Amino acid sequence: MILSNRLLAALFLAVSATFITPLAAQAYLNVTVRDSLTGESLPFANVQSAGRLLTTADVDGYFTLSDPLPDSIYISYVGYRRKGMATSRLSRARLNEIRLVADADLPTVEVTLPASTYGPTSGILTPSVTDLVRIPAVLGEVDLLKSLTLLPGISGGTEGTAALNIRGGNPNQTDLLVDGNRVYNINHVGGFLSALPAFGTKAVTVYKGGVPGQYGGRLSGVVDIVLREGRRDHLAKTFTLGLGTAQAGLEGPIGKKGSFLVNGRYSYPTILYNLANRGVYRRNEKGDHQTVGMHDFVGKYGHQFGNHKLTLSALISGDDGYEQNDNGNGITSDDYRWGNNSFALSHQYRTGSGGVWTTALQYLRYRYSFDARQYPRERPGVLTSTVQEALSSELNDFSVKSEFSQPIGRRLDLTTGIQLTRHLFRADVHNMYRFDTEVREYTRRIDQDTLEVAAYATADLRLL
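Per the working numbering, the sequence shown starts with residue 3, numbered consecutively.
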């Protein structure tokens, strides 16, 4: 059954209003958990009371408790001191903030599993980014996607590549999201290294089965990546130099409620090699030359004002390569480039009853081009021919998404939303053949414009 856009919007508003109205009269505690020094939110922190797990914070370190409230709660997070607090000290009229202190000296902890404790299923993995960074990678380069291949149910396919095969699926059947925006190709040099800098990553969630409705039901699985928003206490700089890339980052506060983070990475051996070969060759004229480079950039800005949160994130990555061969009779060259430009603007509003309303504007541009040329040297009495073959393709996605999520008690979570995406695809082919004074050209262009409309509703019920 095909629903019109107006009917989908009306259905979405009706479902949302059904759950908002009766919940407004209840009393709730809204809390966010943050690092005591950096101010960065701590995703998936545990909330306990009387030895029982009450709930788990979301990716933004946010959780909600409703009546009846326990007398006290305890917040715990790996690598931080456990903190207890009486619920009577927390306000029901505003968003509360609890800060945990990092503690390198971890005490011995006895883990028990009471019957009432619930947690993520085997189909959902939330690995620690800190642990993923510590896993050795090729040439000493930290690669989060390669580290994921060590988790159960995930394999890397071809040895040494960053492609992900989830439960037997192909890499192109896995959905990769960066701050909610779909990225079609996140690998460098055929998968040698992924385009995701570890410094700017806050949390990674892998869905291997039972994918929620908001992800569209992928064939294999979903990897949801959330970028960091930066420190809120002071300006911090970082610089790393590996065998293949150089990386630099900067993060810090903007005012009292805002923060930013920028991080860039580039393959510096390419620069050194090009400088060493300067003068040995001239492009499309003489000499042999081979080079390949890759670059990444991530940036994010976040601002919190009351129950509203505004974030702007960007991911820019790509490869560029050039190969030139001089056989004495002429020059042949291959020039290729590809890249991702991903931008996302998101506004999030948290209601007093624990509901989360998120509206996002997203844009993605993916482009690939390949240019092959052949330049023969002119010789007296010999006819020459010049050949140029160029291919380029480009995909532009414009998305608008609105989603509302509401917990009903401690065991039921409801989510509903609507998303509109416009896909603009273009492919160009241009071939040129020149034989002496005769020129032949072949040009073809393909344009495709499609509109994708999706509405979804999910209910997550915990029986234990």
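Cβ atoms here follow ideal geometry from the backbone N, Cα and C, with glycine treated the same way. Everything numeric in this text was worked out from a predicted model, so none of it was measured.
- Linking Val-80 to Thr-445 through their CA atoms gives a straight-line distance of about 59 Å.
- Checking the DSSP bridge columns, you'll see Ser-315 partnered with Lys-302 and Ala-346.
- If you look at Val-131, you'll find it in the alpha helix (DSSP H) that goes 131 to 136.
- If you look at Ile-420, you'll find it in the beta strand (DSSP E) that goes 414 to 437.
- Selection His-310, Thr-417 and Thr-293 evaluated against Tyr-351 yields His-310 as nearest (Cα-Cα).
- Cβ neighbours of Asp-105 within its own chain (closer than 8 Å, five residues either side excluded): Gly-81, Tyr-82 and Arg-83.
- In the DSSP annotation of this structure, the continuous segment of the alpha helix (DSSP H) that includes Ile-273 starts and ends at 270 to 278.
- The DSSP-derived three-state label of Val-191 is helix.
- DSSP places Lys-85 outside any alpha helix (DSSP H); the residue lies instead in the beta strand (DSSP E), whose first and last residues are 85 to 88.
- Around the beta carbon of Phe-307, a 10 Å sphere encloses fewer than 16 other beta carbons of the protein chains shown; the residue is thus reported as exposed.
- The alpha-carbon of Ile-333 is positioned some 19 Å away from that of Val-294.
- In the three-state reduction of the DSSP assignment, Arg-367 falls in the strand class.
- Here Tyr-217 carries a helix assignment [DSSP, helix/strand/coil].
- A buried status is given to Leu-134, since no fewer than 16 other beta-carbon atoms sit within 10 Å of its beta-carbon.
- Setting aside the 5 residues that flank it on each side, Leu-44 is surrounded in the same chain by Val-35, Arg-36, Asp-37, Ala-59, Gly-63, Tyr-79, Tyr-82 and Leu-102, each with a C-beta closer than 8 Å to its C-beta; the list follows chain order.
- Counting the other Cβ atoms within 10 Å of the Cβ of Glu-405 gives 16 or more, which makes it buried.
- DSSP places Arg-91 within a helical segment (H, G or I) once states are collapsed to three.
- The region 368 to 380 and the region 339 to 355 touch, with no fewer than 3 CB-CB distances between them shorter than 8 Å.
- Excluding five sequence positions before and after Ile-137, the CB atoms of its chain that fall closer than 7 Å to its own CB belong to Ser-149 and Leu-152, given in chain order.
- Non-local beta-carbon contacts of Ala-165 in its own chain, meaning distances under 7 Å to residues more than five positions away in sequence, involve Gly-158, Gly-159, Pro-173, Asn-189 and Gly-193 in chain order.
- Taking 8 Å as the cut-off, the beta carbon of Lys-204 is found closer than this to the beta carbon of Leu-229.
- Here Tyr-76 really is in contact with Ser-51; their C-beta atoms are around 7 Å apart, less than 8 Å.
- Just so you know, the alpha carbons of Leu-363 and Gly-171 end up roughly 30 Å apart.
- By the neighbour-count criterion, in which 16 or more other beta carbons inside 10 Å mark a residue as buried, Lys-239 falls on the exposed side.
- With a threshold of 16 other beta carbon atoms within 10 Å, Arg-424 falls short and is exposed.
- Separation of Tyr-458 and Gly-182 (C-alpha to C-alpha, rounded to the nearest whole angstrom) is 16 Å.
- Comparing alpha-carbon positions, the option among Gly-41, Thr-176, Thr-66 and Val-144 lying closest to Ile-156 turns out to be Thr-176.
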